[in-house]
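In the numbering used here, the protein residues as written are 1 to 389.
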Ligand code: ARG
């Protein structure tokens, strides 16, 4: 019997994969990645075994996810198509990496995922696995199997004597982790339809959020968030706290038409309270401490970083090189940002840093002004000179 390691979520597709592979002569080890999705992992482990898995791994990867995936993307200012903070895209390479590690430890022949052939996730899983261990075979049953609907899958499980408490109808396809949620499919496929309230789980509606603002400060050290309101938080706790503060103020909802790697446009909705707050705050602090050229130059690289992440190229040389670049950029991004959260808006109202390049005595129009305006006459003349006829 061949041995495989399946990235297992406990949903209907991956639950079907286990007996489906068994029929084809594979023994399946189920791997559950705890990325803070808040599932009942005890229940999911039992489900994996019930459907025929020979063994189950459940790893808490939350800290690694935040420190080695979400934070580097934050430092890079990586936002796909100006809106998506990549919570789902960042989760795939870490899952795939640990899947490969388990496969190596277990001497497995293949890794298996439950992604469809229309999405980005298949690319992220497979490219990662191939880059980390090209010897492993990759199996993607959902792309080729005979089932067309959820009902087909439920009937199939029933025919194997497996009955799961899973509903036939599922209004949306949802991917969740501690850094954000992605909700798609169902009525959301019509881009004219407003997302209904019931798709959201991390954020309240801005309309229902408190009328009085929440003021808060975030401290950064070299581009990494360390404190909220003066109190030090470990990375995972910090993200949870920001999700809570952002969520209750309706921060981080996104509704967008997105370009998938496979060439189709899709309507995506997201909620990412912590990412929205962190990106907003850090970007503002950068404005205070970075010189003009660095700020302008790095913009294109932020976009590149977002594309690499989105397109499954996390474990590539360029991505690692960009990390080194952004580490250098952030040598001086230390300081405090003051924010006001109010009804879906995350507004920076103050910032300070020991490395601030802002010089009040140059900027002021008050009596302490030291800017020598007489010098501007010559400067402006020379500035425009090349274009004069
Ligand atoms: N479109 C997003 C991405 O490619 C989210 C995918 C979410 N997956 C899901 N099963 N809902 O990163």
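We put the CB at the ideal spot given by N, CA and C, even for glycine.
- DSSP places residue 13 within a helical segment (H, G or I) once states are collapsed to three.
- Per the C-alpha coordinates, the member of 216, 244, 255 and 179 positioned closest to residue 190 is 255.
- For the pair residue 62 and residue 292, the Cα-to-Cα distance works out to about 36 angstroms.
- Around the beta-carbon of residue 329, 16 or more other beta-carbon atoms lie within 10 Å, marking it buried.
- When secondary structure is reduced to three states using DSSP, residue 27 falls in the strand class.
- Here the alpha carbons of residue 66 and residue 360 stand approximately 36 angstroms from one another.
- Per DSSP, residue 292 has no beta bridge partner at all.
- Under the 10 Å beta carbon count, residue 146 is surrounded by fewer than 16 other beta carbons and is classified as exposed.
- Residue 112 and residue 141 do touch by the CB rule: their CB atoms are close to 7 angstroms apart, below 8 angstroms.
- Rounded to whole angstroms, residue 44 and residue 10 show a C-alpha spacing of 5 angstroms.
- Remark: fewer than three beta-carbon pairs, one from each stretch, lie closer than 8 angstroms, so the segment 304 to 317 and the segment 237 to 253 are not flagged as touching.
- Sixteen is the threshold: when 16 or more other Cβ atoms of the shown chains lie within 10 Å of the Cβ of residue 127, as they do, the residue is buried.
- Considered as a whole, the segment 197 to 223 harbours 214 to 221 as its complete beta strand (DSSP E) runs of no fewer than 3 residues, in chain order.
- Just measuring C-alpha positions, the residue of 368, 82, 48 and 14 sitting nearest residue 302 is 82.
- Residue side-chain check: residue 268 places its Cβ nearer than 6 angstroms to a non-hydrogen atom of the ligand ARG.
- About 11 angstroms separates the beta carbons of residue 7 and residue 28, which is beyond the 8 angstroms limit, so they are not a contact pair.
- If you ignore the 5 residues before and after residue 217, its C-beta comes within less than 6 angstroms of the C-beta of 229, 336 and 338, all in its own chain and listed in chain order.
- From the listed residues 220, 306, 231 and 258, the smallest Cα separation to residue 278 is found for 220.
- Boundaries cannot be given for residue 115, as no beta strand (DSSP E) includes it and DSSP labels it neither H nor E.
- At the C-beta level, residue 266 and residue 177 stay beyond 7 angstroms of one another.
- If you draw a straight line from the Cα of residue 179 to the Cα of residue 388, it is about 53 angstroms long.
- Pairing residue 357 with residue 364, the inter-Cα distance amounts to about 14 angstroms.
- Around the beta carbon of residue 215, a 10 Å sphere encloses fewer than 16 other beta carbons of the protein chains shown; the residue is thus reported as exposed.
- Per DSSP, reduced to three states, the secondary structure at residue 268 is strand.
- Its chain contains 88, 175 and 270 as the residues whose beta carbon lies nearer than 6 angstroms to that of residue 182, once the 5 sequence neighbours on both sides are disregarded; these appear in chain order.
- In the assembly as shown, residue 143 is an exposed residue. Its beta-carbon has fewer than 16 other beta-carbons within 10 Å.
- Pairing residue 261 with residue 353 gives a Cβ-Cβ distance that is not under 7 angstroms.
- A direct Cα-to-Cα measurement between residue 34 and residue 97 gives close to 14 angstroms.
- With fewer than 16 other Cβ atoms inside 10 Å of its own Cβ, residue 377 counts as exposed.
- Your pair residue 253 and residue 164 does not check out as a contact, with CB atoms roughly 31 angstroms apart and the cut at 8 angstroms.
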